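Residue numbers (our numbering): 26 to 159.
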Amino acid sequence: MTQETQDTRQHTEHRDFAAPDEVRTFSHGRLEVLRVGGSEIGRLVLQPGWRWSEHVKPIAGTELCEAPHFQYHVAGTIRIRTADGAEFDATPGQVTSLPAGHDAWVVGEDDVVVVDWWGASNYAKLPAAASENG
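Written as structure tokens, this is what we have:
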């Protein structure tokens, strides 16, 4: 009996958000998704006035954002409020790890740019039935 071996070596990949695999747009923002290294990495660009509970909640269909996130904050200030009421601002150079159950919004007049290693796969994605129906 032969045993199949799986190639688990990491391979060189070089990708650029200027040519994402997928772009999801919503009011006051967009998500650009790259598929690289067996993972999906997202770059969120959120404009002044964006708030998850106003602009993405109708897409997600949940009371709070249920996507866990692990993010590097590139630009702008975003305020995050967790389900337990904790609230803080995330600013450029910071990293946040957020569990499911939070709201967030842009603070100030600058775009927020965040690179997200977790949570991008299903963020602002219409459920399959809704996208099939238009």
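Virtual Cβ for every residue (Gly too), placed ideally from N, Cα, C. Quick caveat: nothing in here was measured; it's all calculated off a predicted structure.
* Status (buried if at least 16 other CB within 10 Å, exposed otherwise) for HIS39 -> Exposed, by the Cβ-count rule.
* When the Cα atoms are used, what is the spatial distance from ASP114 to HIS53? -> For the pair ASP114 and HIS53, the Cα-to-Cα distance works out to about 19 Å.
* To do: Report the residue ranges of all beta strand (DSSP E) runs contained in full by the segment 61 to 123; include only those spanning at least 3 residues, in chain order.
  => Taking 3 residues as the shortest admissible run, the segment 61 to 123 contains the following complete beta strand (DSSP E) segments, listed from N- to C-terminal end: 64 to 71, 94 to 100, 102 to 107, 112 to 115, 120 to 123.
* **Beta-carbon spacing of ARG104, VAL132 below 9 Å** => Cβ distance < 9 Å, so ARG104 and VAL132 count as in contact.
* Hey, would you say PRO73 sits closer than 9 Å to GLU134, going by beta carbons? -> Yes, the pair counts as a contact, with Cβ atoms nearer than the cut-off.
* Excluding the 5 residues preceding and the 5 following THR30 in the sequence, name in chain order all residues of the same chain whose CB lies nearer than 7 Å to its CB. => Cβ neighbours of THR30 beyond the five flanking positions: none.
* Are LEU123 and HIS94 close, meaning C-beta to C-beta below 9 Å? -> Contact: yes.
* CA-CA distance, ARG34 and GLY63? -> Their backbone Cα atoms lie some 11 Å apart in a straight line.
* Asked: Taking the Cβ atom as the reference point for each residue, do ALA108 and ASN147 lie within a distance shorter than 9 Å?
  -> A distance of 9 Å or more separates the beta carbons of ALA108 and ASN147.
* **Burial state of GLY144 (16 or more Cβ within 10 Å)** => Burial call: buried.
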